[in-house]
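Residue numbers (my numbering): 745 to 1568.
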């Protein structure tokens, strides 16, 4: 049996398998020559400072004592497990330093390519009889690595070689199986992180095929030796790939890592690639310290941002942090072993590979966890407003509404509140969309923070950080539209809703050094039926909100009376498009007489709707609906058709027909025809057609309206300003129109007897009309005394119940024949 003799002269028995590693050896002062050319005495003196990084060959000596029967030689198997050594030669010397045998065991082994893979880097050594001997090892490699030499009894060779091949197959199959598993599992999410991870995995296969030697199973020996010679280049590439993987992994899918956006950190990728290319032509010994520095500089930001992302709630970063920690630990053990700092064993020799397998496993968990995180995050993003981070209408329909019955049951007296930021459209028109949007963002943020501070506000699932640990911004309201949002209170914790909300009635916002006042309007509904759906509650709140706007109130509580009104409005809105087709619309006319002659000079055509179930519907009710739904053009077309037919049927009647127009009639083209073309298409005598517009209509789109009125006048139509005095027109526009007729609103005419102010206003309107050459018509004349006052104020014409009530158009001809001129 062999025994090593240490520097302390202690004797250790040589077991069946013995690792010879650098810590057990004596570093020799031999020059860079072959053993045969060196005096044996040189190999008996130790070197005080072993060359850690050097391009010189490393000489090691092991002193041993062979025991056994005298004169009986013993044979052992030498197996080199550090296959990336360029040159590795073992010399057996006797006790006086004379050479007995030489054994090449590295890439310098003769006939390496012709050997069986299991017999490569392996040789037999025969030691003559018992006695003292010296084993001298000469190592030379571009990378500063130590020996990993296994000495085994000859009888164990076959068993040893079988284990070597089995280990190689296990390593290869394990890495390929993990690669195939990840490729299939992660195929559905082929983003940047996934692609870098798979490239890293491929490089790991080739890296360990060279480092541990199992590459002979699927590559020619020349390729394995090339990879082994350039193992340092692959080290730099591994750092590059881990960093490239970490950037999208940590920078996307969670809060952006600010450190990754620094140019200096981005340059690290280029530096890693530069060193990888440099290692192809420069000895690895000069790149070992830069490799360590690059690991520190590269992994430092990755570890730091991983910790930051974990604190922000990005759980997949924990797997990445663990994988890097395992890789650093296993790499440190493996590097220390290959560098001769730790004794060689199966554990230390394979620690790097084992840690890398565990690293790949953890990275697989990291990427899979990231996929799950992104799915949850994407779902969450779909449920929230992308700019404010607040729950959106999708959150309402997919989360809040389905769970409303359960959530409302947890509250004593739930009150749903719908809040609207008033005037968003006006802000967009006046300030532009960008400034208006910033103001909206400020307003929603102020409202959200205000509601979070109030007692009794219902917490929203997924937005209560204290309860769920979520990193989402806390929210107390759901965005219902771009101008409104809803929240829920428990009235049991709320003393006075009006008083609570009063501070938020008007918000003072600042933007670009300007101050803006933004008003809010609210509708509230106290829930009494817990089974009532949230969608129905929101419908009722919209009814209350519209009512609040119509009545100019800050906060309005829903009532069933409001609901009845809107049910009627909806029914009218649905029935209006078919009203003309079903012959439900009727044209009535109210005569207009001349005060000077007393004869009828015209009639105002008025539309009436006879609904089959609702009865007579007032024009004041269905005309606004028609304008809101853009159905007014159909009504106007019907009125024009009826007017043209009557005028054509009565060419001898010296009367004109007046038709009311909305702003949509003046500015909208229907079937690619404007109003002038539609009137001309009826074939009516335009000189007998009078169009009436209100001041408010003219101000909605003044330029387009003025242009159309000019065209109507050129066609021959007369222009009449209806309900004059109740709108907000400019005298400049009025002088530009030069109307043929001005009709004074009935509100002024009905008060002529009782109000001096109204008489003065009518007198002023008459003087204004005279100055423009327009005829004055007094509307709403119902009393003889009112008629007398109209004459005294020099009105030209009158219209009202005193003359005649509106009558069906077919009866107008009979009425004209029977009518006697009004005598003053």
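Cβ coordinates follow ideal geometry from the N, Cα and C atoms, glycine included.
The model shown is predicted, which means the values in this text are computed figures rather than measured ones.
Euclidean distance between Cα positions of residue i and residue j
i: residue 1307; j: residue 1316; result: 14 Å
i: residue 979; j: residue 1020; result: 8 Å
i: residue 1133; j: residue 936; result: 26 Å
i: residue 885; j: residue 1131; result: 59 Å
i: residue 1501; j: residue 1495; result: 9 Å
i: residue 1211; j: residue 1202; result: Because the pLDDT at residue 1211 is just 35, under 50, the model does not fix this residue reliably, and the point stays unresolved.
i: residue 1255; j: residue 1187; result: 12 Å
i: residue 998; j: residue 1224; result: For residue 998, the pLDDT reaches just 41, beneath the cut-off of 50, and the residue's location in the model is therefore unreliable, although a value from the coordinates is still provided. Taking the straight line from one Cα to the other gives about 27 Å.
i: residue 1371; j: residue 1504; result: 34 Å
i: residue 1052; j: residue 883; result: 46 Å
i: residue 1548; j: residue 1333; result: 9 Å
i: residue 1013; j: residue 924; result: 27 Å
i: residue 819; j: residue 1108; result: 47 Å
i: residue 1399; j: residue 1464; result: 15 Å
i: residue 1060; j: residue 1126; result: 21 Å
i: residue 1313; j: residue 1536; result: 43 Å
i: residue 1335; j: residue 1523; result: 11 Å
i: residue 1355; j: residue 1544; result: 25 Å
i: residue 857; j: residue 1024; result: 23 Å
i: residue 1001; j: residue 948; result: Low confidence applies to residue 1001: its pLDDT is 47, below 50, so where it sits in the model is not reliable enough to give any reading.
i: residue 917; j: residue 841; result: 46 Å
i: residue 1179; j: residue 1246; result: 26 Å
i: residue 1079; j: residue 971; result: 17 Å
i: residue 1514; j: residue 1337; result: 19 Å
Cβ-heavy atom distance, residue i to the ligand SAH, below 7 Å
i: residue 1028; result: No copy of the ligand SAH occurs in the structure displayed, which carries no ligand at all.
Whole-angstrom C-beta distance between residue j and residue i, which should lie under 8 Å
i: residue 1489; j: residue 1469; result: 5 Å
i: residue 951; j: residue 920; result: At roughly 14 Å, the Cβ-Cβ gap does not stay under 8 Å, so residue 951 and residue 920 are not in contact.
i: residue 1221; j: residue 1251; result: The pair is not a contact, with the Cβ atoms about 15 Å apart (cut-off 8 Å).
i: residue 1453; j: residue 1486; result: About 14 Å separates the two Cβ atoms, so there is no contact after all.
i: residue 1074; j: residue 1113; result: Not really, about 22 Å apart at Cβ, beyond 8 Å.
i: residue 1267; j: residue 1292; result: 6 Å
i: residue 1283; j: residue 1263; result: Between residue 1263 and residue 1283 the Cβ distance is about 24 Å, and since that is not below 8 Å, they are no contact.
i: residue 968; j: residue 953; result: 7 Å
i: residue 1560; j: residue 1546; result: No, residue 1560 and residue 1546 are not in contact; Cβ-Cβ is about 17 Å, not under 8 Å.
i: residue 1449; j: residue 1411; result: 7 Å
i: residue 1479; j: residue 1443; result: Contact flag wrong, Cβ pair sits at about 15 Å.
i: residue 1145; j: residue 1278; result: 5 Å
i: residue 1339; j: residue 1542; result: 6 Å
i: residue 1200; j: residue 1166; result: Incorrect: roughly 25 Å between the Cβ atoms, too far for contact.
Bridge-paired residues (DSSP) for residue i
i: residue 1487; result: 1521
i: residue 1231; result: 1161
i: residue 1306; result: According to DSSP, residue 1306 bridges with nothing at all.
i: residue 1434; result: 1402 and 1462
i: residue 1329; result: 1353
i: residue 871; result: 818
i: residue 1492; result: Paired residue(s): none; residue 1492 is not in a bridge.
i: residue 1347; result: 1335 and 1401
i: residue 1360; result: 1354
i: residue 1119; result: The partner list for residue 1119 (beta bridge, DSSP) is empty, contrary to what the question assumes.
i: residue 1259; result: 1254
Sub-8 Å separation of residue i and residue j beta-carbons
i: residue 742; j: residue 843; result: Residue 742 is absent from the model: the chain starts at 745 and stops at 1568.
i: residue 1405; j: residue 1380; result: yes
i: residue 1097; j: residue 976; result: no
i: residue 872; j: residue 814; result: no
i: residue 1331; j: residue 1271; result: no
i: residue 1143; j: residue 1205; result: yes
i: residue 1402; j: residue 1439; result: no
i: residue 877; j: residue 810; result: yes
i: residue 1391; j: residue 1424; result: no
i: residue 821; j: residue 845; result: no
i: residue 839; j: residue 892; result: no
i: residue 834; j: residue 849; result: yes
i: residue 1164; j: residue 1289; result: yes
i: residue 1388; j: residue 1431; result: no
i: residue 865; j: residue 823; result: yes
i: residue 1088; j: residue 1081; result: yes
i: residue 973; j: residue 830; result: yes
Item checked: Every unbroken alpha helix (DSSP H) within the stretch 961-1037, with a cutoff of 4 residues, ordered by chain -> Entirely contained in the stretch 961-1037, the alpha helix (DSSP H) runs reaching 4 residues are, in chain order, 965-973, 975-995 and 1007-1022.
Next item on the list: Please list the segments of the beta strand (DSSP E) lying wholly inside the stretch 1523-1549, counting only runs of 3 or more residues, in order along the chain.
Entry: The qualifying runs are 1541-1543.
Next item on the list: Ignoring anything shorter than 4 residues or poking outside the stretch 893-966, list the alpha helix (DSSP H) runs there in chain order.
Entry: For the stretch 893-966, whole alpha helix (DSSP H) runs of length 4 or above, ordered along the chain, are 901-929 and 936-955.
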